[in-house]
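Enquirer: The sequence shown: position 40 = 40 (UniProt numbering), numbered continuously. For glycine and all other residues, C-beta sits at the position ideal for the given N, C-alpha and C. Keep in mind the model is a prediction, meaning the values are calculated, not measured.
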Amino acid sequence: MVKGDKRKWKEGFFEKLTALLSEYSKTFIVSVDNVGSKQMQQIRQSMRNEAVILIGKNTMIRKVVRAMLDDHPTLEKLLPHIRLNVGFVFTNQDLNEVRKKIEGNQVAAPARAGSIAPCDVVVPAQNTGLGPEKTSFFQALNIQTKITRGTIEILSDVPLIKKNTKVGQSEATLLNMLKISPFSYGLRIRQVYDNGSVFGPQVLDIRDEDIVTRFLAGSRRVAALSLQLGTRLWPRRLIQLSTPLPSGCRGNRLRVPVGQDCQGVSERSQQVCRRRPGRRSGRRRRCPAAKEAKKEESSEESDDDMGMSLFD
Numbered sequence: 001m002v003k004g005d006k007r008k009w010k011e012g013f014f015e016k017l018t019a020l021l022s023e024y025s026k027t028f029i030v031s032v033d034n035v036g037s038k039q040m041q042q043i044r045q046s047m048r049n050e051a052v053i054l055i056g057k058n059t060m061i062r063k064v065v066r067a068m069l070d071d072h073p074t075l076e077k078l079l080p081h082i083r084l085n086v087g088f089v090f091t092n093q094d095l096n097e098v099r100k101k102i103e104g105n106q107v108a109a110p111a112r113a114g115s116i117a118p119c120d121v122v123v124p125a126q127n128t129g130l131g132p133e134k135t136s137f138f139q140a141l142n143i144q145t146k147i148t149r150g151t152i153e154i155l156s157d158v159p160l161i162k163k164n165t166k167v168g169q170s171e172a173t174l175l176n177m178l179k180i181s182p183f184s185y186g187l188r189i190r191q192v193y194d195n196g197s198v199f200g201p202q203v204l205d206i207r208d209e210d211i212v213t214r215f216l217a218g219s220r221r222v223a224a225l226s227l228q229l230g231t232r233l234w235p236r237r238l239i240q241l242s243t244p245l246p247s248g249c250r251g252n253r254l255r256v257p258v259g260q261d262c263q264g265v266s267e268r269s270q271q272v273c274r275r276r277p278g279r280r281s282g283r284r285r286r287c288p289a290a291k292e293a294k295k296e297e298s299s300e301e302s303d304d305d306m307g308m309s310l311f312d
């Protein structure tokens, strides 16, 4: 590339990345290891009108992000994740829907000697269809076999390769002989950026029902603790704290019907407190005879006071 053309290309990349970071509020930081140009083209076509994919040098991406920090300070959270072989998927659509399309564009690939296994590989028990002359090859890998009708049969499932370990030459040769493509390559989501927040992709698996369940479980624990302490303040306070929760969830398009559930929990706890006031308040109960004697004494004292005059 000519020096002038290279400078123009850099300027165009800077302008494009700046425009994308300003236009889109949601971004997937993805790993592009082992993704070929043909597969990348297929991914771009499948996500057209929903997301934009951009891949470039990390140094150039960092320069663009740092140049935008004055107007967009939240972009600083992206800097620690711009390392290794990564790219960006920009979108304004629903994150879960875009993630499904990213994870759905995977291509099966054979094992290559020297590559790092992205997952565990287990060879299932099967009739390989190979002749008896290959028996020594299986014995070298400690795979139990037997000869069935002139072919080699694997007796049980064999864990062959562990995740994040290097694939050996023998393992790769065996998988190729069995015509097994154990790996699948595509864009791997590392982090998600959403309106200034950066989190892992597993956060997208949390449903609205999970939030409601955890909130109600916590309120029941508080209810049990309050009943043991003999206080009735917690239900009203809990409802006061949960009042702004639905409005905040509406802004995030979440459905959290906690108001009715908390109201029901508070009403039940108040009923229990009313049924057991003596035990919870810590006061001693007095017998009816003692109460009547106390009433008589108080009435006699009041009669004596009525017979006296301050002016005698």
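Here's a check: name, in chain order, each residue in its chain whose Cβ is nearer than 7 Å to the Cβ of residue 172, leaving out the five neighbours to either side.
Expert: The sequence position of residue 172 within the sequence shown is 172, counting from 1. Only 111, 112, 113 meet the Cβ criterion.
Enquirer: For residue 36, which residues does DSSP report across the bridge?
Expert: What you label residue 36 is simply residue 36 of the sequence shown in a count that begins at 1. Beta-bridge pairing links residue 36 to no other residue.
Enquirer: Along the alpha helix (DSSP H) that carries residue 228, what are the first and last residues, could you check?
Expert: Along the sequence shown, one-based indexing puts residue 228 at 228. 208-229 is the extent of the alpha helix (DSSP H) around residue 228.
Enquirer: For residue 184, which of helix, strand or coil comes out of DSSP?
Expert: Taking the sequence shown and counting its residues from 1, one reaches residue 184 at position 184. Three-state result, residue 184: strand.
Enquirer: Grab the span of the alpha helix (DSSP H) containing residue 171 for me, first residue to last.
Expert: Here the question's residue 171 lines up with position 171 in the sequence shown. 169-177 is the span of the alpha helix (DSSP H), which, as asked, contains residue 171.
Enquirer: Check for me: the beta strand (DSSP E) holding residue 27 runs from which residue to which?
Expert: Here residue 27 is taken as the residue at index 27 of the sequence shown, counted from 1. Its beta strand (DSSP E) spans residues 26-31.
Enquirer: Compute the distance between the beta-carbons of residue 152 and residue 132, then report whether it is under 8 Å.
Expert: Taking the sequence shown and counting its residues from 1, the one referred to as residue 152 is at position 152. Taking the sequence shown and counting its residues from 1, the one referred to as residue 132 is at position 132. Against a cut-off of 8 Å, the Cβ pair of residue 132 and residue 152 comes out as a contact.
Enquirer: Under the rule that 16 or more other beta-carbon atoms within 10 Å means buried, what is residue 186, buried or exposed?
Expert: As a working mapping, residue 186 is identified with position 186 in the sequence shown. When all chains shown are included, residue 186 counts as buried.
Enquirer: With a Cβ-Cβ cutoff of 8 Å, do residue 154 and residue 145 count as a contact?
Expert: In the sequence shown, counting from the first residue as 1, residue 154 sits at position 154. In the sequence shown, counting from the first residue as 1, residue 145 sits at position 145. Taking 8 Å as the Cβ cut-off, residue 154 and residue 145 qualify as a contacting pair.
Enquirer: If I follow the unbroken alpha helix (DSSP H) through residue 91, where does it start and stop?
Expert: Stepping through the sequence shown from its first residue, residue 91 is reached at position 91. No alpha helix (DSSP H) contains residue 91, which is instead part of the beta strand (DSSP E) from 86-91.
Enquirer: Just confirm the distance between the C-beta atoms of residue 54 and residue 87, as a whole number of angstroms; I'd bet it's less than 8 Å.
Expert: Position 54 of the sequence shown, counted from the first residue, corresponds to residue 54. Position 87 of the sequence shown, counted from the first residue, corresponds to residue 87. The Cβ separation is near 6 Å, so the contact holds.
Enquirer: Under 8 Å, do residue 123 and residue 158 count as touching if we go by C-beta distance?
Expert: In the sequence shown, counting from the first residue as 1, residue 123 sits at position 123. In the sequence shown, counting from the first residue as 1, residue 158 sits at position 158. Against a cut-off of 8 Å, the Cβ pair of residue 158 and residue 123 comes out as a contact.
Enquirer: From the DSSP output, which residues share a beta bridge with residue 54?
Expert: Locating residue 54 in the sequence shown gives position 54, where the first residue counts as 1. In DSSP, residue 54 forms a bridge with 88.
Enquirer: Answer yes or no: do residue 92 and residue 24 have a C-beta to C-beta separation smaller than 8 Å?
Expert: On the sequence shown, residue 92 is found 92 positions in, with the first residue counted as 1. On the sequence shown, residue 24 is found 24 positions in, with the first residue counted as 1. Contact flag set, yes.
Enquirer: Below 8 Å between beta carbons: does that hold for residue 75 and residue 69?
Expert: Sequence index remark: in the sequence shown, residue 75 carries index 75 (1-based). Sequence index remark: in the sequence shown, residue 69 carries index 69 (1-based). Yes, the pair counts as a contact, with Cβ atoms nearer than the cut-off.
Enquirer: I'd like to know whether the C-beta atoms of residue 78 and residue 204 end up nearer to each other than 8 Å.
Expert: As a working mapping, residue 78 is identified with position 78 in the sequence shown. As a working mapping, residue 204 is identified with position 204 in the sequence shown. No, the Cβ-Cβ distance between residue 78 and residue 204 is not below 8 Å.
Enquirer: Checking the sheet assignment: what are the DSSP bridge partners for residue 107?
Expert: Translated into the one-based positions of the sequence shown, residue 107 becomes position 107. Beta-bridge pairing links residue 107 to 185.
Enquirer: Applying the criterion that 16 or more other CB atoms from any shown protein chain within 10 Å of the CB defines a buried residue, is residue 105 buried or exposed?
Expert: The count along the sequence shown starts at 1 and reaches residue 105 at position 105. That one is buried.
Enquirer: Skipping 5 residues on each side, what residues in its chain have a beta carbon closer than 6 Å to that of residue 190?
Expert: Stepping through the sequence shown from its first residue, residue 190 is reached at position 190. Excluding positions up to five away in sequence, the list reads 29, 31.
Enquirer: Could you spell out the range, first to last residue, of the alpha helix (DSSP H) harbouring residue 136?
Expert: For this step, residue 136 is matched to residue 136 along the sequence shown. Run containing residue 136: 135-140, per the alpha helix (DSSP H) assignment.
Enquirer: Within its chain, find whatever has a CB closer than 7 Å to the CB of residue 175; leave out the 5 residues flanking it on each side and keep chain order.
Expert: Position 175 of the sequence shown, counting from 1, holds the residue named residue 175. Closer than 7 Å at Cβ, skipping near neighbours: 110, 111, 182.
Enquirer: Contact defined as beta carbons within less than 8 Å: I believe residue 52 pairs with residue 90. What is the distance between those atoms, to the nearest angstrom?
Expert: As a first step, residue 52 is located in the sequence shown; it is residue number 52 there, counting from the start. As a first step, residue 90 is located in the sequence shown; it is residue number 90 there, counting from the start. Contact holds; Cβ gap of about 5 Å.
Enquirer: Check whether the Cβ atoms of residue 66 and residue 82 sit closer than 8 Å, and answer yes or no.
Expert: The residue given as residue 66 occupies position 66 in the sequence shown. The residue given as residue 82 occupies position 82 in the sequence shown. Taking 8 Å as the Cβ cut-off, residue 66 and residue 82 do not qualify as a contacting pair.
Enquirer: So what does DSSP say about residue 7, is it helix, strand or coil?
Expert: Numbered from its first residue, the sequence shown carries residue 7 at position 7. Residue state, collapsed to three classes: helix.
Enquirer: Where DSSP assigns a beta bridge to residue 120, which residues make up the other side?
Expert: For this step, residue 120 is matched to residue 120 along the sequence shown. Partner(s): none; residue 120 has no beta bridge.
Enquirer: Report yes if the CB atom of residue 141 is closer than 8 Å to the CB atom of residue 64, and no otherwise.
Expert: As a first step, residue 141 must be located in the sequence shown, where it is residue number 141. As a first step, residue 64 must be located in the sequence shown, where it is residue number 64. No, they are not a contact pair.
Enquirer: What residues in its chain sit with their C-beta under 7 Å from that of residue 143, if we drop five residues either side in the sequence?
Expert: Translated into the one-based positions of the sequence shown, residue 143 becomes position 143. Correct list, in chain order: 154, 158.
Enquirer: Suppose you measure from the CA of residue 34 to the CA of residue 211; what does that come to, to the nearest Å?
Expert: Numbered from 1 along the sequence shown, position 34 holds the residue referred to as residue 34. Numbered from 1 along the sequence shown, position 211 holds the residue referred to as residue 211. Going from the Cα of residue 34 to the Cα of residue 211 covers about 37 Å.
Enquirer: Go ahead and label residue 219 buried or exposed: buried means 16 or more other beta carbons lie within 10 angstroms of its beta carbon, across all protein chains shown.
Expert: In the sequence shown, residue 219 corresponds to position 219, counting from 1. Classification of residue 219: buried, given that the 10 Å Cβ count is 16 or more.
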